[in-house]
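First the structure, in the form of structure tokens, and then the observations on it.
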Amino acid sequence: MPEPFAVFSQGLAVYAQMVPAHRLLASEFLDFAATTPQAFERAHRVGHFTGSAWLVSADGRRVLLTHHRKLDRWLQLGGHADGDRDLAAVALREAREESGLGQLRLEPGIFDLDRHLIPARADEPAHWHYDVRYVVRTGGSEAFAGNEESLALAWRSIDAIAADGRADESLRRMALRWLARGGH
């Protein structure tokens, strides 16, 4: 079985080929992982990897978003790697924990990359999230149950997110990418 870093670097290479506009970003993610031993640890105060889920309904028309308690924004589900170098597994775990949905399946390959600054708060300095995003699809009940990290959860139309010029830039990018691939 290949080591996690080899799988991760191969996934980034495939993603960079599929999304030419993100070649440089994929290279930055790879360099960060290769040169920063603690890149997958939340304790690395400069920045660290996170795994997120573009959690879509079975029909592929809606995405489950969270109104993030700390950031006060509607975002995709996801969280810190906490030492786990398998960011696809992190995305799936976070989707389950944050949604309460049981029948979820991870689709292969990286769906999106986003590097964003998390503002300082309390005893935590501003830092970078190197967010690796995967498609997760529900296969059963779509009745969700939130947790303490979220002010609310809601299924949102992917078409509406794509058309909303005021939507979070990365959410809109993912919605447009999802629709460009046929919404499935």
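Using the numbering used here, the letters of the sequence shown map in sequence onto residues 5 to 188. Built from N, CA and C at the ideal position, the CB exists for glycine as well. As the structure is a prediction and not an experimental result, all values here were calculated from the model.
Phe12, buried or exposed, once every other Cβ within 10 Å from all chains shown has been counted against 16: Per the 10 Å Cβ criterion, buried.
Within the region 12 to 49, ranges of the alpha helix (DSSP H) (whole runs, at least 4 residues): Here the runs fully enclosed are 27 to 39.
Proximal residues to Pro123 (C-beta, below 6 Å), its chain only, five neighbours per side dropped: Closer than 6 Å at Cβ, skipping near neighbours: Ala130.
Exposure label - Leu75; buried when at least 16 CB within 10 Å: exposed
Cβ shell of Ala156 (< 6 Å), same chain only, five flanking positions each side left out: His71
Where Asp127 falls: helix, strand or coil (DSSP): Coil.
Residues bridged to Ser56 [DSSP beta-bridge criterion]: Gly82 and Arg137
Straight-line gap, Ala30 to Leu183 (C-alpha atoms, nearest Å): 22 Å
Short CB-CB distance (under 8 Å) between Glu173 and chain B: Absent from the structure is chain B; it holds one protein chain and no more.
Among Ser161, Arg97 and Asp135, nearest to Ile114 - alpha-carbon criterion: Asp135
Terminal residues of the beta strand (DSSP E) in which Leu110 lies: Leu108 to Leu110
Counterpart residues of Leu121 in DSSP-defined beta bridges: In the DSSP output, where bridge partners are listed per residue, Leu121 has Trp132.
Segment contact flag, the region 30 to 44 with the region 80 to 100, C-beta cutoff 8 Å, min 3 pairs: yes
Length of the line joining the Cα atoms of Ala95 and Leu105: 13 Å
Own chain residues within Cβ distance below 6 Å of Ile15, not counting five before or after: The question names Ile, yet the displayed sequence has Gly at residue 15. So the qualifying residues of the chain are Ile114.
Leu105, DSSP secondary structure in three states: coil
Exposed unless 16 or more other CB atoms sit within 10 angstroms - verdict on Ser145: Exposed, since its Cβ has fewer than 16 Cβ neighbours within 10 Å.
Nearest neighbour of Thr142, chosen from Glu32, Ala166 and Val60 [CA to CA]: Val60
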